[in-house]
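So the sequence lines, in the order shown, correspond to chains A and B. Add 15 to a position in the first sequence, counting from 1, and you land on the number used in the numbering used here. Add 2 to a position in the second sequence, counting from 1, and you land on the number used in the numbering used here. Read through the structure below, which is laid out as structure tokens, and then see the notes.
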Amino acid sequence: MRLRSLTAAGVVAAMLALTGCGGGSDDAGASGPVDLRMTIWSANAKHTALFDQIAAEYKKTHPDIGKITFESIPYENYTTALTTQIGGGNVPDLAWILESTAQDFVTSGALAPIDKDPDLLPSTTKTWEQDGQLFAYPFSTSPLGVFVNTDLVTAAGRPAPAQQVAAGNWTWDQAVATGAAVQKTGKGGIVVGDFDYKGWDTLNSIWAGWGARPWSEDGKTCGFDQPEMVAAMTAIHKMVFTDQAMPGPGVTKDFFAGDAAMVLTQISRAALLEKAKFKWDLVPLPKGPAGEYAVVGQAGIGVLKRGKHVDAAKDFLAFFSNQENSAKLAAFFPPPRKSQLTTEVLAKANPLLKPAQLQSVVIDGIERGDIKTSHVGYAELQQTVRAALDPLWKPDADVQAVLSGVCAKINPLLAK
Amino acid sequence: MTLLASKPAAAPARAPERAPYWTMRRRDELAGWLMVTPQLAGIVAFVIVPLGLVVWYSLHEWNVLAGTFDFVGGANYEQLTSDPRLGPALQATGLFSVGLVVLNLSLALFLAVLLNQKLRGTVVFRTLFFSPVVVTLVAWTIVWGFLLQDNGGVNGFLQQLGIDGPNWLRGESTAMISVIVVQLFKGVGLNMVLFLAALQGVPAELYEAARIDGASAWARFRRVTVPLISPTILLTSILTVVGSLQVFAQIAVLTQGGPGTSTTVLVYYLYQQAFQFHHFGYGATISLLLFVIVLALTVLQWRMRRRWVFHES
């Protein structure tokens, strides 16, 4: 009997050890240096080198800080992986947050409020505020532009988009004509970055030109069945299946590998063109039926309220995003600071872009930009719209019926 | 007293000899416990405890972002009965499982019978069909993702034959077929090897006797081979059914549950609910439903074995 009790006790002890229920201490910050961890979705060596450099400078004046780690998580599953870490108790101190999930993070109370620098442009902080408090620093406010492979456009006998911008006739009709001409040569025409017939929200770079929105400003009313969206989606459908100006579903054309004429994406992707073997240009989004427009992609850095070192994380974030470091970060991430949105500052940081491109795409874009729509419960909305929108990507689709179907599916989610 | 006194002094009484505690039986018992303890600890830590936690989570609404964990009783189970997306998910799961199990077992048995012949080159083909089993699942699926694109390798090959192939991953029926076929080629080699091992255990004299009795090749297969390898058929069918119900990576990489919800199988749906939509409590409830389904099907197969499995040792 005693042997049995002893053995059972041994088994329980072993299990406790295995399951980590030993009641170990969790007071790493009580003594010794404080380690900070920030989750990011970039794995670009130049980005992380710059972050490490900023972290090293911070540590020089903060001997209480030990390691500062930038943990890269792939973009595709970034938010899922981040929330899983949070759910599992492995809460990072700081995290990059996508603008589309901003409301989920801000309204849930997951983030600690941070100080708001008066130099920040109000249009860039709007997404990250609640009750007058700022919950994330909008470190990257990157307008979307059109990167053009001028070699392919010229070879297809079309005028360069930059010329059309100068002539004032850079419209969607012209862009589609150029895309179609290039696709006839066997290359891709217009590619929407990260769309791949799944990431429907990236189509905002097109539908904003028609004045369309997926839902109303207050997030309560579906916008997919509104005339502007029907017109925009009809144009996109025609672009894919009738004009054949955009690679169809299931066809991959990589602009950065020289396989497509144009890509609509954030200007921060210019870094991918450093070793491009073709001539390229960057122009603003074409004029749509609703006139000239700009779309801005955003990312914020928030301090997780349930992280172990909230105050240290806030202090590091203030340093990471101060005037001096913001100017360094501007090499990759357009800054949200009024004082730094000048062609001089941006040109220093973005040698690949010409002053005219920086003015028309970056500065004008940020000032008048339409930031991607966010909503509470965004992931569920994203997936529900994706599934309901799939029937649109067939040649004989009834656009109006599909879009009404999207509204029928998401109305209960918008009403929550 | 006198009597006692006159009695010659007895030798001092020796305490009765105690049997040693560590008897052979106890030593064996301890050794047995020590041997099973790691396995038992593993089962408790990685099966029993998580299972208990899943039941516990299913009774809660857990918002990981807000850090709230509220008891909701049977609310998640009620949601299960009224969830309009659950029916299509179960249907997709059933379709995938039936398709995969039927194709996998038939093809594995067919290949095993073919490769059980004493012919030149069979070893090469055995290796060829088994090699996908050792390839990383995600890498395998990513490669197939490229091949199945509209302008991918599969349609390129079909074009050479004058066939205009469909857009495999964008059509509702072709997407499901694609996912099944990708998984079929990935896993058929394992079942093939198990069948091969079973086939090689069938005594040659039984075939010889059947041949003398005038049994055709088909009759020999049905009356001799199948009954003798039926324990292996049971094993492979249980493993394949359970595996098919747990398909995830192929769906996540190839279709993300689309087009529409045509390939949103139960595991992918529970992943969406728990990890993408942050409904961890409801996700836990769906995983319990999956557990019950897997358990029920396994028990059913186990019970049905009495009707068709012979020579169980």
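Glycine included, C-beta positions come from ideal geometry on N, C-alpha and C.
query, result
"For the stretch 167–241 of chain B, list the alpha helix (DSSP H) runs that are entirely contained and at least 4 residues long, ordered along the chain.", "174–201, 206–214 and 219–222"
"Quick check on DSSP: helix, strand or coil for residue 347/A?", "coil"
"Quick one: measure Cβ to Cβ for residue 430/A and residue 317/A, integer angstroms, because I've assumed they're closer than 8 Å.", "No, residue 430/A and residue 317/A are not in contact; Cβ-Cβ is about 27 Å, not under 8 Å."
"If you follow the alpha helix (DSSP H) that residue 275/A is in, where does it begin and where does it stop?", "No alpha helix (DSSP H) contains residue 275/A, which is instead part of the beta strand (DSSP E) from 275–281."
"Measure the CB-CB distance between residue 97/B and residue 186/B and report whether it falls below 7 Å.", "no"
"Please tell me whether residue 139/B has its Cβ less than 7 Å away from any Cβ of chain A.", "no"
"Is the distance from the Cβ of residue 194/A to the Cβ of residue 272/A below 7 Å?", "no"
"Using three-state DSSP, classify residue 415/A as helix, strand or coil.", "helix"
"Should residue 42/A go down as buried or exposed, given a rule of 16 or more other Cβ atoms within 10 Å for buried?", "No answer about residue 42/A holds up, because its pLDDT of 39 lies below 50 and its placement is not dependable."
"Using C-beta distances below 8 Å, list every residue in its chain close to residue 173/B, excluding the 5 sequence neighbours before and after it, in chain order.", "261"
"Expressed to the nearest angstrom, what Euclidean distance is found between the alpha-carbon atoms of residue 118/A and residue 307/A?", "28 Å"
"With DSSP run on the structure shown, which of helix, strand or coil describes residue 261/A?", "coil"
"Chain A partners of residue 78/B, CB-CB under 7 Å?", "Residues of chain A passing the Cβ test: none, with the nearest at roughly 16 Å."
"Would you give the residue range spanned by the beta strand (DSSP E) that residue 82/A belongs to?", "80–87"
"Exposed or buried, residue 214/B, counting other C-beta atoms within 10 Å across all chains shown (16 or more means buried)?", "exposed"
"On the three-state DSSP scale, how would you describe residue 155/A?", "strand"
"How about residue 90/B: is its C-beta nearer than 7 Å to some C-beta of chain A?", "no"
"Can you tell me whether residue 228/A is buried or exposed, with buried defined as 16 or more other CB within 10 angstroms of its CB?", "buried"
"What is the DSSP secondary structure of residue 302/A, reduced to helix, strand or coil?", "strand"
"Expressed to the nearest angstrom, what Euclidean distance is found between the alpha-carbon atoms of residue 57/B and residue 290/B?", "7 Å"
"Does the stretch 371–381 of chain A come into contact with the stretch 352–362 of chain A, if we say contact requires no fewer than three beta-carbon pairs (one atom in each stretch) closer than 8 Å?", "yes"
"Work out the CA separation of residue 202/A and residue 237/B for me, nearest whole Å.", "51 Å"
"Is it the case that the Cβ atoms of residue 312/A and residue 57/A are separated by a distance below 7 Å?", "no"
"For a contact meaning CB atoms closer than 9 Å, what does residue 274/B contact in chain A?", "394, 395 and 398"
"Please return the same chain residues whose Cβ sits closer than 7 Å to the Cβ of residue 156/B, not counting the five positions on each side in sequence.", "149, 150, 167 and 170"
"What residues in the stretch 117–138 of chain A have a beta carbon less than 8 Å from any beta carbon of chain B?", "119, 120, 123, 124 and 125"
"Using only alpha-carbon positions, find the residue among 228/B, 274/B, 193/B and 229/B that is nearest to residue 240/B.", "193/B"
"Is it the case that the Cβ atoms of residue 123/A and residue 68/B are separated by a distance below 7 Å?", "yes"
"Which two residues bound the contiguous alpha helix (DSSP H) that contains residue 98/A?", "93–102"
"I want to see whether chain B comes within less than 7 Å of residue 36/A, judged by CB atoms only; does it?", "Annotation note: pLDDT 38 at residue 36/A (below 50); position unreliable, no value reported."
"Determine the extent of the beta strand (DSSP E) in which residue 72/B is found, giving its start and end residues.", "70–73"
"Might you give, ordered along the chain, the residues of its own chain that have their beta carbon closer than 7 Å to the beta carbon of residue 311/B, omitting 5 neighbours on each side?", "232, 233 and 236"
"Closest to residue 205/B by CA distance: which of 217/B, 196/B and 230/B is it?", "230/B"
"Give a yes or no on whether the minimum CB-CB distance between residue 101/A and chain B is below 7 Å.", "yes"
"For my contact list, residue 96/A and residue 329/A are in at a C-beta cut-off of 8 Å; report their separation, rounded to the angstrom.", "Not quite, the Cβ-Cβ distance comes to about 23 Å (not below 8 Å), so this is no contact."
"Can you name the start and end residues of the alpha helix (DSSP H) that residue 19/B belongs to?", "That residue, residue 19/B, is in no alpha helix (DSSP H); it is neither H nor E in DSSP."
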